[in-house]
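S.K.: Before we start, here is the structure in question, set down as structure tokens.
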Amino acid sequence: MITIDKHYNTLGLNQSASQEEIQTAYERLSNELDPKKNDHQEFFIEEYKKVQEAYKALYNSSILATEKGAKSTKNIESTKPISPKENSSKTNKKRKKTAKWFLVFIVILVTIVGIVGYTLLQPEKFLKKDTIVVVGVTKNKRDLKPITGVIKGYGAYEEGLKTGFHNQWNSQGQKIAQGIYKKGLKNGLWQYFYDNGQLKKEINYKNNLKEGFFKFWNSKSVLVAERNYSSDSLVGNNTSWFDNGQLKQIADYENDFTQIYDEIGNLINEGSFVKIASQWDSRTYQNNRSSLSLVPLEPNVKWRYKTGGGVTSSPSVSGGMVFVGSHDNYIYALDQYTGALQWRYTTGNDIYSSPSVSGGMVFVGSDDDYIYALDQYTGALQWRYKTGNNIYSSPSVSGGMVFVGSHDNYIYALDQYTGALQWRYKTGNNIYSSPSVSGGMVFVGSHDNYIYALDQYTGALQWRYKTGGNVFSSPSVSGGMVFVGSYDDYIYALDQYTGALQWRYTTGNDIYSSPSVSGGMVFVGSDDDYIYALDIYTGLRQWRYKTGNDVDVSPSVSGGLVFVRSRKNTIYALDQYTGALRWRYKTGSDLSHNVASSPSVSGGMVFVGSDDNYIYAIGN
Numbered sequence: 007m008i009t010i011d012k013h014y015n016t017l018g019l020n021q022s023a024s025q026e027e028i029q030t031a032y033e034r035l036s037n038e039l040d041p042k043k044n045d046h047q048e049f050f051i052e053e054y055k056k057v058q059e060a061y062k063a064l065y066n067s068s069i070l071a072t073e074k075g076a077k078s079t080k081n082i083e084s085t086k087p088i089s090p091k092e093n094s095s096k097t098n099k100k101r102k103k104t105a106k107w108f109l110v111f112i113v114i115l116v117t118i119v120g121i122v123g124y125t126l127l128q129p130e131k132f133l134k135k136d137t138i139v140v141v142g143v144t145k146n147k148r149d150l151k152p153i154t155g156v157i158k159g160y161g162a163y164e165e166g167l168k169t170g171f172h173n174q175w176n177s178q179g180q181k182i183a184q185g186i187y188k189k190g191l192k193n194g195l196w197q198y199f200y201d202n203g204q205l206k207k208e209i210n211y212k213n214n215l216k217e218g219f220f221k222f223w224n225s226k227s228v229l230v231a232e233r234n235y236s237s238d239s240l241v242g243n244n245t246s247w248f249d250n251g252q253l254k255q256i257a258d259y260e261n262d263f264t265q266i267y268d269e270i271g272n273l274i275n276e277g278s279f280v281k282i283a284s285q286w287d288s289r290t291y292q293n294n295r296s297s298l299s300l301v302p303l304e305p306n307v308k309w310r311y312k313t314g315g316g317v318t319s320s321p322s323v324s325g326g327m328v329f330v331g332s333h334d335n336y337i338y339a340l341d342q343y344t345g346a347l348q349w350r351y352t353t354g355n356d357i358y359s360s361p362s363v364s365g366g367m368v369f370v371g372s373d374d375d376y377i378y379a380l381d382q383y384t385g386a387l388q389w390r391y392k393t394g395n396n397i398y399s400s401p402s403v404s405g406g407m408v409f410v411g412s413h414d415n416y417i418y419a420l421d422q423y424t425g426a427l428q429w430r431y432k433t434g435n436n437i438y439s440s441p442s443v444s445g446g447m448v449f450v451g452s453h454d455n456y457i458y459a460l461d462q463y464t465g466a467l468q469w470r471y472k473t474g475g476n477v478f479s480s481p482s483v484s485g486g487m488v489f490v491g492s493y494d495d496y497i498y499a500l501d502q503y504t505g506a507l508q509w510r511y512t513t514g515n516d517i518y519s520s521p522s523v524s525g526g527m528v529f530v531g532s533d534d535d536y537i538y539a540l541d542i543y544t545g546l547r548q549w550r551y552k553t554g555n556d557v558d559v560s561p562s563v564s565g566g567l568v569f570v571r572s573r574k575n576t577i578y579a580l581d582q583y584t585g586a587l588r589w590r591y592k593t594g595s596d597l598s599h600n601v602a603s604s605p606s607v608s609g610g611m612v613f614v615g616s617d618d619n620y621i622y623a624i625g626n
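Here you go:
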């Protein structure tokens with residue numbers, strides 16, 4: 007049991023410390039040990055917790071002691087005779103106290119009158135009878151509770167619907183959005199901001215649909231997209247720029263014409279944006295050959311390694327080794343350049359999960375319900391943790407924690423070095439999706455049709471967004487947005503901090519594939535046999551390429567090429583900017599029902615697993 011002495015020692019105080027000294031010590035230590043300022047290192051997290059516990063205990067004990075002392079003093083004073091001098095002094099103190107509270111009342115009254123006067127002058131009739139100030143993390147009016155915390159939103163309600171001007175803040179107290187509601191629907195100009203207060207985008211709405219102009223700025227305040235909408239559909243002239251300000255695309259929807267440029271200003275594609283024919287400009291190829299030399303420009307099998315089962319796990323490359331799981335229950339570590347076996351470790355069932363490597367350890371899930379942590383160089387077991395069902399999800403490692411989903415409907419956060427459970431969060435169905443971690447949040451999809459955003463350190467729900475189908479796809483995070491596919495045929499772009507829909511694009515079938523983001527574009531496959539390249543800010547299609555079968559895997563982007571694999575076990579290398587086919591290679595078997603392995607690119611080679619039981623290394 008922690009004694010009161012321990013709490014004083016934590017704050018660096020002795021037991022004679024006053025309330026003011028306790029408060030001062032607490033504020034100083036909280037600021038110094040704040041995990042956010044110290045990269046969320048475990049030491050600072052633990053010390054910060056101790057400071058909070060100490061302050062809470064000492065603050066409560068100090069209040070009790072003060073109240074007790076006050077009562078005792080009152081009793082003593084009541085028995086003492088009061089001299090004329092003391093009586094005069096007490097009268098003056100009483101007058102001063104009365105004057106003080108009168109002044110406070112006047113200040114409050116003036117503030118209220120000022121707010122009412124200001125808001126009544128607003129053309130949108132900001133103040134209604136249901137005007138509220140929302141504090142803490144709340145979702146709607148009915149959820150409001152008198153809790154403490156930073157302001158989440160400010161606005162008015164009329165008959166239960168948002169109305170007038172509204173502001174929205176993130177969990178750090180930074181304004182992230184402002185605009186007007188009419189009967190619960192967005193209308194007029196809305197502005198959205200980055201966490202530092204910098205303008206992110208401007209959108210004009212009519213009854214919650216985009217109507218008129220749309221502008222998007224990157225984090226460096228460079229305008230990267232200008233769009234025109236009518237009833238939420240793109241119309242007229244639309245322009246995109248690269249992050250450096252270089253023209254990227256002009257799309258004329260009225261005349262069905264588009265021009266696409268690369269990052270150095272070369273025109274690489276033009277024509278109908280619906281039936282665009284991918285054309286390769288030889289000059290562009292020569293100009294960018296130096297960057298392309300880091301990836302295979304033609305298919306050539308450098309080596310292949312046979313396992314005892316199909317390989318749908320996607321390889322991970324680290325420290326000169328390739329790590330991959332197989333349906334023969336083993337995880338393999340192979341030499342990156344020769345394919346020679348370094349070690350293998352057997353689990354209790356098939357491995358669909360793709361390994362993650364961090365801190366000298368390899369993390370992988372198995373159909374035996376366990377997640378394993380193995381030594382990267384020897385394969386020795388460091389720890390394992392049993393979930394309530396099999397694991398298809400691939401682990402993600404961040405901030406000293408391992409995040410993974412399970413078919414028991416939970417996402418788990420485990421200590422990276424011990425496997426100890428930090429927290430878990432239950433969704434409404436199985437989790438195939440692999441978590442992504444960014445900005446202190448964990449993003450993951452579930453077969454309950456939702457994409458979830460959870461606090462990285464506590465597992466608390468930040469937001470969730472419902473799609474029209476199961477979410478097998480794993481989220482990708484870039485530019486303040488979360489990209490994810492769904493069985494409802496759509497790929498979604500959601501605001502990273504609020505979950506608000508930025509755009510969505512429909513393909514011709516289910517999306518198992520996890521998006522990849524590079525060069526201002528989002529790449530994703532679909533069961534309609536196509537791989538798509540979409541503009542990151544608007545969802546406007548840049549190109550699409552038809553393969554010979556379903557594209558269930560996640561594309562890999564490197565050196566100006568996009569590598570992807572279809573269910574017919576064919577690997578494609580496509581130009582990143584045009585979608586032109588550079589080469590393709592067919593492995594020895596066709597997948598009939600399993601989700602395929604996604605390619606990984608490293609050291610001038612592409613690594614991929616196949617249902618013919620082989621792991622392939624393809625180079626020049």
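Mapping the sequence shown onto this note's numbering, position 291 (from 1) lands on 297, and the numbers just tick up by one.
C-beta: ideal position from N, C-alpha, C; glycine also.
Since this is a predicted model, take the numbers as computed values, not measurements.
By a C-beta neighbour count over all protein chains shown, 10 Å radius and 16 as the cutoff for buried, is asparagine 436 buried or exposed?
M.R.: Label assigned to asparagine 436: buried.
S.K.: Hey, would you say tyrosine 200 sits closer than 8 angstroms to glycine 406, going by beta carbons?
M.R.: Against a cut-off of 8 angstroms, the Cβ pair of glycine 406 and tyrosine 200 comes out as no contact.
S.K.: Measure the C-alpha to C-alpha separation of arginine 310 and tyrosine 578 and round it to an integer number of angstroms.
M.R.: Taking the straight line joining both Cα atoms gives about 18 angstroms.
S.K.: Exposed or buried, isoleucine 182, counting other C-beta atoms within 10 Å across all chains shown (16 or more means buried)?
M.R.: Buried, because 16 or more other Cβ atoms sit within 10 Å of the Cβ of isoleucine 182.
S.K.: Please classify valine 241 as buried or exposed, where buried requires at least 16 other C-beta atoms within 10 Å of its C-beta.
M.R.: Exposed is the call here.
S.K.: Determine which residues share a DSSP beta bridge with asparagine 193 and list them.
M.R.: DSSP output for asparagine 193 lists Ile186 as bridge partner(s).
S.K.: In the DSSP assignment, find the unbroken beta strand (DSSP E) run with glutamate 26 in it and report its ends.
M.R.: Glutamate 26 -> not in any beta strand (DSSP E); alpha helix (DSSP H) instead, spanning 25–39.
S.K.: On the premise that aspartate 558 lies in contact with glycine 531, defined as a C-beta separation below 8 angstroms, what is that separation, rounded to the nearest angstrom?
M.R.: That pair is a contact at about 7 angstroms.
S.K.: Cutting at 8 angstroms between CB atoms, please list the residues of its own chain near valine 317, excluding the five before and the five after it.
M.R.: Within the same chain, valine 317 has close Cβ partners Val330, Gly331, Ser332, His333, Ser603, Gly615, Ser616, Asp617, Asn619, Tyr620, Ile621.
S.K.: Quick one: give me the first and last residue of the alpha helix (DSSP H) that lysine 12 is part of.
M.R.: Residues 10–16.
S.K.: In this structure, does DSSP put tyrosine 538 in helix, strand or coil?
M.R.: Here tyrosine 538 sits in strand by DSSP.
S.K.: Between which two residues does the beta strand (DSSP E) carrying leucine 500 extend?
M.R.: Where leucine 500 is concerned, the enclosing beta strand (DSSP E) stretches over 496–501.
S.K.: With C-beta atoms as the reference, is glutamine 342 less than 8 angstroms away from serine 608?
M.R.: Yes, Cβ-Cβ distance for glutamine 342 and serine 608 is below 8 angstroms.
S.K.: Work out the CA separation of glycine 190 and glutamate 164 for me, nearest whole Å.
M.R.: Whole-angstrom Cα-Cα distance: 9 angstroms.
S.K.: Specify, as a first and last residue, the run of the beta strand (DSSP E) that glutamine 428 falls within.
M.R.: Per DSSP, glutamine 428 belongs to the beta strand (DSSP E) from 427–432.
S.K.: How many Å lie between aspartate 11 and proline 41 at the Cα?
M.R.: Cα to Cα, aspartate 11 sits roughly 25 angstroms from proline 41.
S.K.: Got a sec? Which residues, its chain only, sit under 6 angstroms from serine 598 by beta carbon, not counting five neighbours each side?
M.R.: Reliability fails at serine 598, whose pLDDT of 44 lies under 50, so the model's placement of it is uncertain and the value that follows must be treated cautiously. Counting only Cβ-Cβ distances below 6 angstroms, and skipping sequence neighbours, we find nothing.
S.K.: Under a three-way DSSP split, which group does glutamine 342 fall into?
M.R.: In the structure shown, glutamine 342 sits in coil (DSSP, three-state: anything other than H, G, I, E or B).
S.K.: Terminal residues of the continuous beta strand (DSSP E) containing threonine 353?
M.R.: That residue, threonine 353, is in no beta strand (DSSP E); it is neither H nor E in DSSP.
S.K.: Among Leu195, Ser225, Lys226, which has the Cα closest to the Cα of asparagine 213?
M.R.: Closest option to asparagine 213, Cα to Cα, is Leu195.
S.K.: Under the assumption that proline 481 contacts glycine 446 (Cβ atoms under 8 angstroms), give the Cβ distance between them as a whole number of angstroms.
M.R.: That belief does not hold up - the Cβ atoms of proline 481 and glycine 446 are roughly 15 angstroms apart, past 8 angstroms.
S.K.: Is valine 57 helix, strand or coil when you go by DSSP?
M.R.: DSSP places valine 57 in helix when its eight states are reduced to three.
S.K.: Please identify the residue among Asp454, Phe369, Val528, Ala386 whose C-alpha is closest to the C-alpha of alanine 419.
M.R.: With distances taken between Cα atoms, alanine 419 lies closest to Phe369.
S.K.: Between which residues of its own chain and lysine 552 is the CB-CB distance below 8 angstroms, once the five residues before and five after are set aside?
M.R.: Contacts found: Asp535, Tyr536.
S.K.: Helix or strand or just coil, what does DSSP make of isoleucine 457?
M.R.: Strand.
S.K.: Anyone know if the C-beta pair for phenylalanine 409 and valine 363 falls short of 8 angstroms?
M.R.: Result no, Cβ atoms of phenylalanine 409 and valine 363 do not sit closer than 8 angstroms.
S.K.: Can you name, in chain order, every residue of its own chain whose Cβ lies under 6 angstroms from the Cβ of aspartate 516, other than the five neighbours on each side?
M.R.: The residues are Tyr493, Asp533.
S.K.: Below 7 angstroms CB to CB, which residues in the same chain sit around glutamine 508 once its five sequence neighbours on both sides are set aside?
M.R.: So the qualifying residues of the chain are Met487, Ala499, Leu500, Asp501.
S.K.: Any Cβ of chain C within less than 8 angstroms of the Cβ of proline 521?
M.R.: The structure shown has no chain C; it contains just one protein chain.
S.K.: In angstroms with no decimal places, state the Cα-to-Cα distance between tyrosine 511 and serine 360.
M.R.: In a straight line, the C-alpha of tyrosine 511 is about 27 angstroms away from that of serine 360.
S.K.: Just tell me which of Tyr423, Val443, Ala386 has its CA closest to the CA of serine 402.
M.R.: Of the candidates Tyr423, Val443, Ala386, the one whose C-alpha sits nearest the C-alpha of serine 402 is Val443.
S.K.: Which of helix, strand or coil does DSSP assign to phenylalanine 111?
M.R.: Three-state DSSP puts phenylalanine 111 in a helix.
S.K.: Taking DSSP as the reference, what is the three-state secondary structure of alanine 419?
M.R.: DSSP places alanine 419 in strand when its eight states are reduced to three.
S.K.: With distances taken from CA atoms, which of Tyr187, Phe529, Ser227 is nearest phenylalanine 248?
M.R.: Of the listed residues, the one whose Cα sits closest to phenylalanine 248 is Ser227.
S.K.: Does the beta-carbon of serine 36 have 16 or more other beta-carbons within 10 angstroms, so that it is buried, or is it exposed?
M.R.: Flag for serine 36 reads exposed.
S.K.: Run the CB neighbour count on arginine 34, radius 10 Å, all protein chains shown included, and call it buried at 16 or more, exposed below.
M.R.: It is exposed - the Cβ of arginine 34 has fewer than 16 other Cβ atoms within 10 Å.
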